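Trainee: Handing you this structure, nothing more for now.
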Amino acid sequence: MGNELSLDLSQDIANPLTAIADQERAKLIPKNDFNAAGNEYSSVNKDALSDGDARGRGTGVFLDVYNDSAGDAIDIAERKNEIKINKFNSSKPYPNFQL
């Protein structure tokens with residue numbers, strides 16, 4: 564094994580480059596707005612629910628996969644767009660074989 568060097572990369576003296584880096588880091592690291600004090604992230608949080616915005620995708624119901632309102636606004640629009648060209652739907656499921 565090679566020699567291990569212990570490096571101390573902390574900066575004791577303030578300099579302009581460190582000040583700029585600290586400002587940019589504060590802008591780039593997003594703030595987590597979920598907390599246990601009243602906005603805890605769960606399957607029924609307003610940011611997790613599909614309510615027409617671009618954030619949530621769920622319905623809040625366990626394993627609710629056959630729901631037309633699930634997904635964000637883009638998911639719902641794409642689903643409606645795919646239904647136009649897809650001949651199978653909830654009333655005519657795939658495979659639709661005649662027996």
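Each residue of the sequence shown is one higher than the one before, starting from 564 at the first, in this note's numbering.
C-beta atoms are modelled at their ideal positions from N, C-alpha and C, and glycine is treated no differently.
All values derive from a computational prediction rather than experimental measurement.
First and last residue of the alpha helix (DSSP H) that includes THR581?
Mentor: Counting along the chain, the alpha helix (DSSP H) containing THR581 begins and ends at 579–591.
Trainee: By a C-beta neighbour count over all protein chains shown, 10 Å radius and 16 as the cutoff for buried, is SER569 buried or exposed?
Mentor: In this structure SER569 is exposed. Its beta-carbon is surrounded by fewer than 16 other beta-carbon atoms within 10 angstroms.
Trainee: Using C-beta distances below 7 Å, list every residue in its chain close to ASP610, excluding the 5 sequence neighbours before and after it, in chain order.
Mentor: ARG618 and GLY619
Trainee: From ALA577 to SER632, what distance separates their C-alpha atoms?
Mentor: 54 Å
Trainee: Candidates PRO579, LEU612, LYS650 and LYS655: which alpha carbon is nearest ALA636's?
Mentor: LEU612
Trainee: Return the CA-CA distance between LYS655 and PHE597, expressed in angstroms with no decimal places.
Mentor: 42 Å
Trainee: Quick one: what's GLY621 bridged to in DSSP?
Mentor: LEU612
Trainee: Between the Cα of SER606 and those of ASP627, ALA600 and ILE592, spot the shortest distance and give me the residue it belongs to.
Mentor: ASP627
Trainee: From the DSSP output, read off the bridge partner residues of ASN602.
Mentor: ASN598
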